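Peer 1: Going by our numbering, the sequence shown opens with residue 23, and the numbers climb by one from there.
In this text, a Cβ means the ideal position worked out from N, Cα and C, and glycines have one as well.
These numbers were taken from a predicted model, which means no experiment stands behind them.
Here it is: the structure, laid out below.
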Amino acid sequence: MPGRHDRLYRVVLASGSAGRQWTLGLLGLRFDVIPSGVDESRFGGLPPERLVRELSLAKAQAVVQSLGGDAPKSLVIGSDTIVVDGDTVLGKPGDCNEAEEMIERLSGRTHVVMSGVAVVLSDTLEFRVSHDVTKVKMRRLSREAIRRYVESGEPIGKAGGYAIQGRGALLVESIDGCYYNVVGLPLARLVDIVGELGLNIFDFCSL
Numbered sequence: 023m024p025g026r027h028d029r030l031y032r033v034v035l036a037s038g039s040a041g042r043q044w045t046l047g048l049l050g051l052r053f054d055v056i057p058s059g060v061d062e063s064r065f066g067g068l069p070p071e072r073l074v075r076e077l078s079l080a081k082a083q084a085v086v087q088s089l090g091g092d093a094p095k096s097l098v099i100g101s102d103t104i105v106v107d108g109d110t111v112l113g114k115p116g117d118c119n120e121a122e123e124m125i126e127r128l129s130g131r132t133h134v135v136m137s138g139v140a141v142v143l144s145d146t147l148e149f150r151v152s153h154d155v156t157k158v159k160m161r162r163l164s165r166e167a168i169r170r171y172v173e174s175g176e177p178i179g180k181a182g183g184y185a186i187q188g189r190g191a192l193l194v195e196s197i198d199g200c201y202y203n204v205v206g207l208p209l210a211r212l213v214d215i216v217g218e219l220g221l222n223i224f225d226f227c228s229l
C-alpha cells in the first residue's frame, strides 16, 4: 500500500540534469522536473562545501517560490555538483576546448567531486541541506583518448568535463566514496535529510 506521505506530497526535482533524473529513476521514484533557473554565477567565490550547499538550497527554494498557490504540496529536491582539483573548483565546460583542458588537467590524478542536496517542503518551507564528497582517480589518458571523448559531446555541461554514468566511466580508474555523488545526486544524504523531515523515502517509490 502507498505510504501516507506519498499521498501528501509530490516530489519535484529542481534540475534539468539528465544524470539526476536517471538517479532518481533508478529508485522507482515518481517525480516531476522543474529546472530552477538559478543564476549560479551569483555564488562564485564561496568555499566549495558552502557553494554546493547554498546553491542546492537556492535551487529548491526558487522552485518552491515558483509554484502557484493551488499547486499540490511538494517535496522539492535541489542539488549542485562541482569538481575540486587542489584549490581549484572546476565547473562545467562551455565548449570542447575547455573540456579538453579540464580532462587533461585531471588525467592521471585524483580529484574530489562534491555534491550538495537540499529538500524543501512547499507547505511549511521547512528544509534540510547536506553534501557528500567522493575521491575520483582518473586514468592517465592519451591526447587521442581525450580528443575522442570530447568529440562525443558528452563533456559539455558536466562538472569537471566528464559523466561517470556514460562514456566518462572509461576515463576513471577508481573512486573512493559514493558513486551517485559523482553522477550528481548524493543518494545517501538525500535519504538522511528526507528522514530528518519526518518522511520515509520509500513512501515515494512506486511498487
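1. Considering only C-alpha positions, which residue in the set Lys-180, Leu-89, Gly-50 and Gly-59 is nearest to Asn-113?
2. Please work out which residues of its chain come closer than 7 angstroms, Cβ to Cβ, to Ser-39, disregarding the five sequence neighbours upstream and downstream, and give them in chain order.
3. Indicate the three-state DSSP secondary structure (helix, strand or coil) for Glu-176 in the structure shown.
4. Under the rule that 16 or more other beta-carbon atoms within 10 Å means buried, what is Leu-35, buried or exposed?
5. Given this structure, state the Cα-to-Cα distance separating Ser-58 from Gly-100, to the nearest angstrom.
6. Which partner residues does Lys-81 have in the DSSP bridge list?
7. Report yes if the C-beta distance between His-153 and Val-139 is below 8 angstroms; otherwise report no.
8. Under 8 angstroms, do Thr-156 and Asp-198 count as touching if we go by C-beta distance?
9. What's the C-alpha gap between Leu-212 and Gly-183?
10. In three-state DSSP terms, what is Leu-35?
11. Tell me which residue opens and which closes the alpha helix (DSSP H) that Ile-215 is part of.
12. Output needed for His-27: all residues of its chain with C-beta closer than 6 angstroms, excluding positions within five of it in sequence on either side, in chain order.
13. Buried or exposed: Asn-203, going by 16 or more other Cβ atoms within 10 Å of its Cβ?
14. Buried or exposed: Ala-191, going by 16 or more other Cβ atoms within 10 Å of its Cβ?
15. Ordered along the chain, which non-local residues of its own chain (more than five positions away) have a Cβ less than 8 angstroms from that of Gly-130?
16. Who pairs with Lys-159 in a beta bridge, going by DSSP?
17. Where does the unbroken alpha helix (DSSP H) through Thr-45 begin, and where does it stop?
18. Around the C-beta of Thr-146, are 16 or more other C-beta atoms found within 10 angstroms, so that it is buried, or is it exposed?
19. With a cut-off of 8 angstroms on the beta carbons, I'd call Lys-95 and Ser-37 a contact; round off their distance for me.
20. What number of angstroms, rounded off, separates the C-alpha of Gln-87 from the C-alpha of Pro-115?
Peer 2: Short version:
1. Residue 113 sits at position 91 when you count from the first residue of the sequence shown. The question names Asn, but residue 113 is Gly in the sequence shown. Taking only the C-alpha atoms, the option nearest Gly-113 is Lys-180.
2. For the purposes of this step, residue 39 is taken as the residue at position 17 of the sequence shown. Gly-206, listed in sequence order.
3. The count along the sequence shown starts at 1 and reaches residue 176 at position 154. If DSSP states are grouped into helix, strand and coil, Glu-176 belongs with coil.
4. Taking the sequence shown and counting its residues from 1, one reaches residue 35 at position 13. When all chains shown are included, Leu-35 counts as buried.
5. For the purposes of this step, residue 58 is taken as the residue at position 36 of the sequence shown. For the purposes of this step, residue 100 is taken as the residue at position 78 of the sequence shown. Near 8 angstroms, if we compare the C-alpha coordinates of Gly-100 and Ser-58.
6. For this step, residue 81 is matched to residue 59 along the sequence shown. In the DSSP output, where bridge partners are listed per residue, Lys-81 has none listed.
7. In the sequence shown, the residue the question calls residue 153 occupies position 131. In the sequence shown, the residue the question calls residue 139 occupies position 117. A contact, by the Cβ cut-off of 8 angstroms.
8. Stepping through the sequence shown from its first residue, residue 156 is reached at position 134. Stepping through the sequence shown from its first residue, residue 198 is reached at position 176. Closer than 8 angstroms, so yes.
9. For the purposes of this step, residue 212 is taken as the residue at position 190 of the sequence shown. For the purposes of this step, residue 183 is taken as the residue at position 161 of the sequence shown. Distance between the alpha carbons of Leu-212 and Gly-183 is about 24 angstroms.
10. On the sequence shown, position 13 is the one that residue 35 refers to. Leu-35: strand per DSSP, three-state reduction.
11. To locate residue 215, count along the sequence shown from 1; it is residue 193. Where Ile-215 is concerned, the enclosing alpha helix (DSSP H) stretches over 209–218.
12. One-based indexing of the sequence shown puts residue 27 at position 5. Confidence is the limiting factor: at His-27 the pLDDT is only 46, short of 50, which leaves the residue's position unreliable and the question unanswerable from this model.
13. Counting from one through the sequence shown, the residue named residue 203 turns up at place 181. Asn-203 should be labelled buried.
14. As a working note, residue 191 is residue 169 in the sequence shown. With fewer than 16 other Cβ atoms within 10 Å, it is exposed.
15. Along the sequence shown, read from residue 1 onward, the residue named residue 130 stands at position 108. Same-chain partners within the cutoff: Met-160, Arg-161, Arg-162 and Leu-163.
16. Start at 1 with the first residue of the sequence shown, and residue 159 comes out as number 137. According to DSSP, which records beta bridges pairwise, Lys-159 is partnered with Thr-132 and Ser-196.
17. For the purposes of this step, residue 45 is identified with residue 23 of the sequence shown, where counting begins at 1. Per DSSP, Thr-45 belongs to the alpha helix (DSSP H) from 40–48.
18. Here the question's residue 146 lines up with position 124 in the sequence shown. So Thr-146 counts as exposed.
19. What you label residue 95 is simply residue 73 of the sequence shown in a count that begins at 1. What you label residue 37 is simply residue 15 of the sequence shown in a count that begins at 1. In fact, because the Cβ distance is near 20 angstroms, the residues do not count as touching under 8 angstroms.
20. For the purposes of this step, residue 87 is taken as the residue at position 65 of the sequence shown. For the purposes of this step, residue 115 is taken as the residue at position 93 of the sequence shown. Cα-Cα distance, rounded: 29 angstroms.
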